[in-house]
Every structure is written in C-alpha cells, then in structure tokens.
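K.L.:
Sending over a structure as structure tokens; questions will come in a sec.
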DNA sequence: CGGCACAAGGTTAGCGCTAACAAGGAAGGC
DNA sequence: GCCTTCCTTGTTAGCGCTAACCTTGTGCCG
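Residue numbers (our numbering), protein chains in the order written: chain A, 1 to 346; chain B, 347 to 692.
Set out below in structure tokens:
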C-alpha cells in the first residue's frame, strides 16, 4: 500500500524532513506557507525537496485539512460554446492553486445527479453547474453538503440558493429576430434544441416568439423545428424537415452556431444560397461562426467571461468556507450582457 | 472543519453504523463488497444509508486504501478528435467505478509536466498521455511514481516503458496521397500543424512525403505550410499563404479535419470550387468531416476505440497494481488500424 | 537587567476511512 | 459429540498529512 508497484514505498514528508534535519510540520509549512518559515530553513527544506523529488500527497492533505483544492464543473456537452468557458474557469482556478475537474451530463438530469454525487463524495471545494434540469435529489444533496455553488447560463433567477452568472439569452434571441426583420425578412423560421431539460433552449425559443409578437407577426408552430441533437447533422436534418413543411421561409433563427452551421451546409446542399435565398443566424459565437463561409451572424454570449466570473464567485465563497458567515453571504446574480455580431450569413 | 458552512458536521460512516446497529467496518463492507455482508445486515445498512443520505468520503477512503479510483488523461486540446476518445474512455472507466479527470496541455510539454505533477500528487491510479513531447522531468516523475500509464496516438514505440494504443498515422497520410494521385491530381500540397512537440503532425507530414516519393514526385517545400494553431482559421490562413506561393495546386492533404474545413471555407471564399478546382482531404473523421458541404474525404483514426482500449489497458494494470507482478507485465503496443473514407471533397 | 512580545519550530491529536487480523457462531464431517 | 471450516462481524492500528497548541529563543523596552 502507498507503494510503487515494485514494492518501494512512496516518499513521505517524513523522508524529506529527515533529510533537511527538521520536523515534518516544518516541511508542511515550507510547502503551504513559506513566509512562516525562516529563510535559512526554507532553503534546507527546498534542497531536500529537490533532492528527493518529493510529491506531496494531496489525498492525505485533503483529509487532514478538509479542503481538496478541487472545483468541479458539470457541463452538458464537451463542445462549443462550453469549451471556452471551461478554459477560462480552469485558468482562474489554477492561478489560485485549485484544480478543475469535469463531468459531462449529456443534458440528462440523472447523469448530472450521479456526477454531483461523485464530486461531493470526493469533497470538492466548489461546484459549477449549468442551469436548469436538476433533479430534486441533486438539489437536496447540494443543500445538505453546503458546498459553494454557481450556476452558469441561467436566464433568470433559480430555485435554490446559489450564485449565478448568466446572459439574458431570451432578449438576445429577440434581437436576432429584430435584426432579420430589419434586413427585410418576413418568413422567419426557428430551429432549436430540445426544450426538455434545457433551459437555454427554452429561453431562446421564448425570445424568438417575443420577437415575432413584437412585430405583430403570428406564431406558426410549423415554422419551428427541434434538432434531435446538438451536432451539425442535427441542424441539417432539422432544416430538411422544416423546408418540407414551409419551403417559402426566407430566414432561420437557429439556437446554436453548431446547428446553424449544419443548416447552412444543408441549404448549400439543396442549392440555396446563403444569405440570398435564406438568411441564417446562430447563437454563441462559436469558433465556426467566424471561420466558416459564409461567416455566421450570431450572438456573442461571453462564454469566456462566464467561466472567469463563475470561478471568481466560487473562490470568493471557498475562501470563507470555513467560517459560518458563508451562509450570511447573499446569493448573487451576475449578468454579463451579450452582443449581436452581424456577419455574412444575414 | 469537515463541516458544512453552517457548522453542522458532515455525516460520517459512524453515524450510519450507529443507526443501523452495526460497526463502522460493516458499513464499509456493505458499500465496497456487498457479497461479504449477510443479506439481513445489508438491508439494515442500506436502510440507514437511505435515511441519512450519507455520501462516503472518498478522500479518506483513498488515503486508507491508497487507491483513489481516479484516472487522469492529459490531452493537447479540448476538441475533435480528442473529445470522442475521452468520451469512450470515460464510459469504460465509469463502468469499473473509476472517474476520469482531464488536463489540457495546449501542446506544451511544460504544461503537461505541471499537469502530471498535479495528478501524481493527487495519487491517481492511472494516467493516459497523448504521445510525444514529454519533458525528461515528466518521464522521471512517472517512472518514480510507478503509476500505470498508457500513451495514445503514438505512431511508433516510445522511449520509456509504457502501454500504447495507436494507429499507423504515417501510412494513413500516405494512403491519402495515393488516393489523390488516383483521382488524377498531380500538384498536391500539404497543410499540417507545427511539428514541434507534436508527434502526430510529424507522422502525417512524413506520410505525405512517403506518398510523393513513392510516385516519384519531387518534394516541394514551398507546397507545404504549417498552420499556426489547430482551428479552422488556422487552416484558412495556411491555404492563403500556400496559394500565394503555389497558385497552381490542385489538391491539398491536410493533417486534421478542423484545419481542412478552414481550407475548404477559404477556397470557397476565393471562388474556388471544391473538389473541381481544388481537392481537399482531411484527417481524423471528425464530426464536421461528414456534416459539412462538401463532405470531407478523411481518415477514420478510430478515436473512440482508442479511448476504450486505453482505458481497458489501464484497468488491467491497476487491478494488479498492488502486486509486484505489475513490473513483470510487459509493455504492450496496441495497433487499431485506420480507414480511408472517401467523400465529396476529392 | 528582568520581563514581554513575537518569530520560528516542535508536539500532540486527530481527519474518516480500510487492511489485517481476531473472534464468535453455524454448518458439516468423522 | 467434537473438531474443523467457513461465514460473518468486530477490533486494532494505521494511511500521510495538518490544525491547534506548546516550547524555545531572540530582541527590545523600560
């Protein structure tokens, strides 16, 4: 146990301490709070650390201090627009010597529950969740654990006490519709993801309907389609179904850039020109939106800022997690805003 | 400490044991090795677990058993084609009740080293690395720790003792060139990633050169270009530079589907038709390859199989990690093969 | 020059679990 | 009927680290 496969036990702090001629506690302090150790001692310890190649056992450290220095994020998919969010979260956390661990829920509340259970069992110091679709058990576990928590991509305040960082997606979708109308489009369709368990999809559909209502246009359910999955193929298939029912559409508001790219590809495949025959607008400002031809009109959802702010909010809570005043700290809702980016596709 | 922010201490096994009227050890056994506990006792313990909502402390468990049930993977980027590999790895590991944690190195050996150090400090039970570009310190740490290790996407045997799972990428790239030649293309260019620290990029460039050599064609360095980063924009910019020097090219062999998509977009932007004016072939069979229009000819690198096999190899090692015979187990090289997928772009 | 503050390091006692062994009891063989 | 064997549960002793407290030594003040 605690040994390398060939039977040699792993180095412990005691080995370093003996070599440096100090106590174990001094080595611990040299690693965690260097200023608390005299310069000459620090030098001896560092030499011993160097010589042995000692790697601290963070499992033991975590048990003794009841802080694991790990923060978990549960995302629906490993893809745009979540990847940039994670990247910036990870950067902020690393700078504070926390590590980010990841779980993928595939938009399934039960998988999210299993992930949250696993993370809580590992006693992570904080959890970032994507808004919407939590099971009652998930919420109960989180409340009982009392772990710092932040929700991302919420469109409005959530059910339980938690910090949130978000953008007003619904208004964003409405702005897309306004833009398409301003471009002279009249027959605007919508392609979104499943609204089941997906609060983001719900908000975007809502904004589309708001936009139509504002212009006094009727809501035609047959001009709306749900993609079966968040891949380009899903967008392409959705457009095919949509055009079968409503071939005269001149614009499509799509709830994600990935789907929108699929929509553009399918339009080209059918010999339609984008934007001449069909204007297409996406959502998220994913990488493909600016790279593809024609480049996609989209909404920048501040994915990176979202990750950065989420991490900062978690750190603010963990830093006082040992104090009773964490509960006293009110839940916060941080709104990041958004930007409509007009490109070639409209 | 070990308490919720409001001061209530977290549940321990002892609390469950008291409620069930058994010893702590029996609760532990009920959780880890249910068959070792009598059915009637198991029922009592499970009732108590249910009633309390107890979540085992895997930090303490990890310290006591010196097995964390965590496996780490270090990838160069969160993107295709790594995402499917991770997904299948994660699935296999979860089934064996291991958890996968992720690190992103950005093709930087120093970042990889830092990640490996962090993972070893957390005493992960296994590590999966992407082949190539390890610092000597990284290798030294891994050897000293003696943790089960697997390399993915290696093209050939590696420097140190380790399992590997790979595909013959070099031959794959050669096959792409053969295919382009068979389609009547004569002036074939190459766009790859930086070969610095990127063993995959090196292998693919090598295969391209092999293909030219085999056909008796000269190697024109000016027909080769390096993308500055693995994004579509990188591919687009690389094509622009390439065509400036060699406008007469009629085919491009691209080292990744993401780059290849950028190449196609740039070609369209310049009014070139793909494949009529320019044939484009990618690598990896990423999602965009089959979704985009025109769909990309590419090489299926068995990304999912790679993750699955890597996870299986790690599990085979961890299961005997407590025994001395792990070292006795020889290093293995598992070759998965590849498939050329011909689509519209050539 | 005694007393006191503070800096620097050591000592003690766990963190919450599990490995390893011990013990008790039921079942089975002779 | 007694001894062996196995099945089930309990007891003991840590895993490697850190929080909290305690000790020592140094400098500074009146």
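Glycine included, each C-beta is placed from N, C-alpha and C at the ideal position.
Mind checking the stretch 32-65 of chain A against chain B and listing, in chain order, the residues whose C-beta falls within less than 7 Å of any C-beta there?
P.N.:
Hits within the stretch, in order: 53, 55, 56, 57, 58, 59, 60, 62 and 63.
K.L.:
Quickly, what does DSSP pair residue 30 of chain A with across the bridge? List them, please.
P.N.:
Note: residue 30 of chain A sits in no beta bridge, so no partner.
K.L.:
Considering Cα atoms alone, identify which of B/412, B/399 and B/565 is closest to residue 142 of chain A.
P.N.:
The shortest C-alpha separation from residue 142 of chain A is found at B/399.
K.L.:
Have a look at residue 471 of chain B and residue 624 of chain B and give me their C-alpha separation to the nearest angstrom.
P.N.:
Between residue 471 of chain B and residue 624 of chain B, the C-alpha separation is close to 49 Å.
K.L.:
Kindly list, in the order they appear in chain A, the residues whose Cβ is closer than 9 Å to that of residue 414 of chain B.
P.N.:
Within 9 Å Cβ-Cβ: 59 and 122.
K.L.:
For residue 676 of chain B, count neighbouring C-beta atoms within 10 Å of its own C-beta (all shown protein chains included) and say buried if the count is 16 or more, exposed if not.
P.N.:
Exposed, since its Cβ has fewer than 16 Cβ neighbours within 10 Å.
K.L.:
At 8 Å on the CB atoms, spell out the chain A contacts of residue 578 of chain B, in chain order.
P.N.:
Here the neighbours are 287, 288, 291 and 292.
K.L.:
Evaluate the contact criterion for the stretch 650-665 of chain B versus the stretch 602-609 of chain B: three or more CB pairs, one atom per stretch, below 8 Å.
P.N.:
Contact between the stretch 650-665 of chain B and the stretch 602-609 of chain B is absent, because fewer than three Cβ pairs lie under 8 Å.
K.L.:
Checking 8 Å against the spacing of the C-beta atoms, do residue 449 of chain B and residue 461 of chain B come in under that value?
P.N.:
Yes, they are a contact pair.
K.L.:
Identify every run of the alpha helix (DSSP H) within the stretch 59-119 of chain A, keeping only runs that are complete inside it and at least 4 residues long; order them along the chain.
P.N.:
Within the stretch 59-119 of chain A, the complete alpha helix (DSSP H) runs of at least 4 residues are 82-95.
K.L.:
Considering residue 152 of chain A, what are the terminal residues of the beta strand (DSSP E) in which it resides?
P.N.:
149-154 is the span of the beta strand (DSSP E), which, as asked, contains residue 152 of chain A.
K.L.:
Taking the C-alpha atoms as reference points, what is the distance between residue 434 of chain B and residue 446 of chain B?
P.N.:
Their Cα atoms are separated by approximately 11 Å.
K.L.:
Identify, in the order they occur along the chain, each residue of the same chain with its Cβ nearer than 8 Å to the Cβ of residue 558 of chain B, setting aside the five sequence neighbours on each side.
P.N.:
Excluding positions up to five away in sequence, the list reads 523, 534, 564 and 565.
K.L.:
Leaving out five residues on either side along the sequence, give the residues of the same chain with a beta carbon under 8 Å from the beta carbon of residue 600 of chain B.
P.N.:
The answer, listed in chain order, is 536, 537, 538, 581, 606, 609, 626, 627, 628 and 629.
K.L.:
Under the rule that 16 or more other beta-carbon atoms within 10 Å means buried, what is residue 362 of chain B, buried or exposed?
P.N.:
Burial call: buried.
K.L.:
Do we get a CB-CB distance below 8 Å when we pair residue 265 of chain A with the residues of chain B?
P.N.:
Chain B contact via Cβ: present.
K.L.:
Span of the beta strand (DSSP E) holding residue 130 of chain A?
P.N.:
Element bounds for residue 130 of chain A: 126-130.
K.L.:
Could you tell me which of A/84, A/78 and A/298 sits nearest to residue 429 of chain B, measuring between CA atoms?
P.N.:
For the residues A/84, A/78 and A/298, the minimum Cα distance to residue 429 of chain B belongs to A/78.
K.L.:
Applying a beta-carbon distance threshold of less than 7 Å, which residues of chain B neighbour residue 262 of chain A?
P.N.:
Going along chain B in sequence order, the residues near residue 262 of chain A (Cβ under 7 Å) are 637.
K.L.:
Should residue 25 of chain A go down as buried or exposed, given a rule of 16 or more other Cβ atoms within 10 Å for buried?
P.N.:
Under this definition residue 25 of chain A is an exposed residue.
K.L.:
Could you compute how far the alpha carbon of residue 20 of chain A sits from the alpha carbon of residue 42 of chain A?
P.N.:
Roughly 9 Å separates the two Cα atoms.
K.L.:
Just mark residue 166 of chain A as buried or exposed, buried being the case when its beta carbon has 16 or more other beta carbons within 10 Å.
P.N.:
It counts as buried.
K.L.:
Give me the residue from A/265, A/210 and A/224 with the minimum Cα distance to residue 697 of chain B.
P.N.:
Nothing about residue 697 of chain B can be read from this structure; chain B reaches only from 347 to 692.
K.L.:
Is the beta carbon of residue 168 of chain A sitting closer than 8 Å to the one on residue 335 of chain A?
P.N.:
Yes.
K.L.:
Going by CA-CA distance only, name the one from B/598, B/562, B/588 and B/553 that's closest to residue 531 of chain B.
P.N.:
The shortest Cα separation from residue 531 of chain B among B/598, B/562, B/588 and B/553 belongs to B/598.
K.L.:
Following the continuous alpha helix (DSSP H) through residue 605 of chain B, name the residue where it begins and the one where it ends.
P.N.:
Looking at the DSSP string, the run of the alpha helix (DSSP H) that includes residue 605 of chain B is 603-615.
K.L.:
Provide the residue(s) that pair with residue 228 of chain A in DSSP beta bridges, ordered along the chain.
P.N.:
The partner list for residue 228 of chain A (beta bridge, DSSP) is empty, contrary to what the question assumes.
K.L.:
When the cut-off is 8 Å and only beta carbons count, does residue 615 of chain B lie next to chain A?
P.N.:
It does: the Cβ of residue 615 of chain B has a partner Cβ on chain A nearer than 8 Å.
K.L.:
Going by CA-CA distance only, name the one from B/392, B/386 and B/384 that's closest to residue 359 of chain B.
P.N.:
Of the listed residues, the one whose Cα sits closest to residue 359 of chain B is B/392.
K.L.:
Return the Cβ separation of residue 466 of chain B and residue 491 of chain B in integer angstroms, given the expectation that the two are a contact with Cβ distance under 8 Å.
P.N.:
Indeed they touch by this definition, with Cβ atoms about 5 Å apart.
K.L.:
Within 8 Å (strictly less), CB to CB, does residue 341 of chain A reach chain B?
P.N.:
Chain B, which has no Cβ nearer than 8 Å to the Cβ of residue 341 of chain A, makes this no.
K.L.:
At a CB distance below 8 Å, what residues from the stretch 440-463 of chain B approach chain A? Give them in sequence order.
P.N.:
Here the close residues are 445, 447, 448, 450 and 463.
K.L.:
What does residue 585 of chain B touch in chain A if you count any residue whose Cβ is under 7 Å from its own?
P.N.:
Per Cβ cutoff of 7 Å: no residues; residue 585 of chain B is ~12 Å from chain A at best.
K.L.:
Check whether the Cβ atoms of residue 31 of chain A and residue 463 of chain B lie closer than 8 Å to each other.
P.N.:
No, the pair does not count as a contact, with Cβ atoms beyond the cut-off.
K.L.:
Please list the residues of the stretch 80-92 of chain A that have a C-beta atom closer than 8 Å to any C-beta atom in chain B, keeping them in chain order.
P.N.:
Correct list: 83, 86, 87 and 90.
K.L.:
Below 8 Å CB to CB, which residues in the same chain sit around residue 206 of chain A once its five sequence neighbours on both sides are set aside?
P.N.:
Around residue 206 of chain A: 170 and 173.
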